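Below you'll find the structure, written out as structure tokens, and then a few comments.
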Amino acid sequence: MPRMLDVSEDVRAEIGDEEADRLLAGHNAPGSYDCTSCRTPGDSEQERTSTVLFVGEETAVLAFAHATCIPSQVVQVAEDQLQGAVRSITGEEPRTAGTAPEQAVLGVTSGLILINGELHPALVVEPTAPIARPGTSGAAGDEFLPLLLEQGFQPVSDVNQVPGQLPGWSVLVAMGQLHAVLQPGTGGGGQVAWWQAHQPLQVTDGWRTAANKTHTVLVFAAPVGSIGQQPREDLLRDALEKAAANGRLVAAAMPLAGT
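Numbering of the sequence shown is given in this note's numbering, commencing with residue 4 and proceeding in unit increments.
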């Protein structure tokens, strides 16, 4: 059965027309898969699915993702990180002790959040794997929330309250597409990307209208496994409230950069 696959021109150029056509015909594509972005199950027979090619210096790995999570694209990965990317795709644990922690990717979902009768544009950030503190083995457990609290994010106990502004951070949107979340550079330098889209992500007209009205974007963040890929904004809201009730949600308000 043909799959509902998206194969971008970049991916096609890397894997060749013959392999791309075989994928589209359903010969080499999986039916079910774990989305390489949000890590929840997908079905290429039932929903649009992106082919994502991770490319190192010597090897390449083809993965699959919900088209609503990320578009089909080629992602350049350092060769020494490719095994981490493979573990992120397959869910397999490292086979040898002392292996570097798996390379986590920050999954970002946009949506509108209703607070006190007003719609606010929001981004929800959830890694694909536990986050280790830089320079450590990850033995201390998931450090994602502690690291964000150190950066100035605030714990969320009530999603119905607008989070405080985070100085020096901003959300970059241009021509209706989400490009990056920017943070202050070190040593008083300019802003640098905390998260950057491999390919700009489209936002809805409603999200863009709300952002241009408030000039502010609410950024929520939760550890891996807290939110998941939610197909509707009401379900996203429910997941945020559950994460907040479990003490697994932080947030900050950031000015909108761009239009």
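Quick reminder that beta carbons are idealized off the backbone N, C-alpha and C, glycines included.
Keep in mind that this is a model prediction, so the values were computed, not measured.
The continuous beta strand (DSSP E) containing ASP37 extends over residues 35-37. Counting other Cβ atoms within 10 Å of its Cβ, THR131 reaches 16 or more and is therefore classed as buried. If you draw a straight line from the Cα of GLU121 to the Cα of THR217, it comes to about 10 Å.
If you draw a straight line from the Cα of ASP20 to the Cα of ALA242, it is about 41 Å long.
Looking from the CA of ALA213, the closest CA among GLU153, ALA125, ARG240 belongs to ALA125.
In this structure PRO74 touches SER53 by the C-beta definition: roughly 6 Å separates them, less than 8 Å. In this structure, VAL165 lies away from ILE134, with their beta-carbon atoms at least 7 Å apart. Within its own chain, the residues whose Cβ lies closer than 8 Å to the Cβ of ALA260, once the five positions on either side in sequence are excluded, are SER173, VAL174, LEU175, VAL176, LEU185, listed in chain order. Boundaries of the beta strand (DSSP E) harbouring TRP197: 195-205, taken from the DSSP string. Collapsing the DSSP output to three states places VAL77 in a strand.
Residues of the same chain with a CB within less than 6 Å of the CB of LEU65, apart from the 5 flanking positions on each side, are LEU56 in chain order.
Excluding its 5 nearest sequence neighbours in each direction, ARG211 has C-beta neighbours in its own chain below 6 Å: GLY179, listed in chain order. Between VAL162 and ALA247, the C-beta spacing is below 7 Å. Per the DSSP secondary-structure output, GLY110 pairs in a beta bridge with GLU129. For the pair VAL58 and PHE156, the CB atoms are not nearer than the 7 Å cut-off. Shown here, GLU146 sits in coil according to DSSP, grouped into three states, outside any helix or strand.
Each of LEU239, ASP13, ALA16, ARG251 was checked against the Cα of ASP145, and the nearest Cα belongs to ARG251.
Taking the CA atoms as reference points, CYS38 sits about 34 Å from THR189. Between VAL222 and SER113 the beta-carbon gap is near 10 Å, outside 8 Å, which marks them as no contact. Rounded to whole angstroms, the separation of the alpha carbons of HIS30 and ALA196 is 39 Å.
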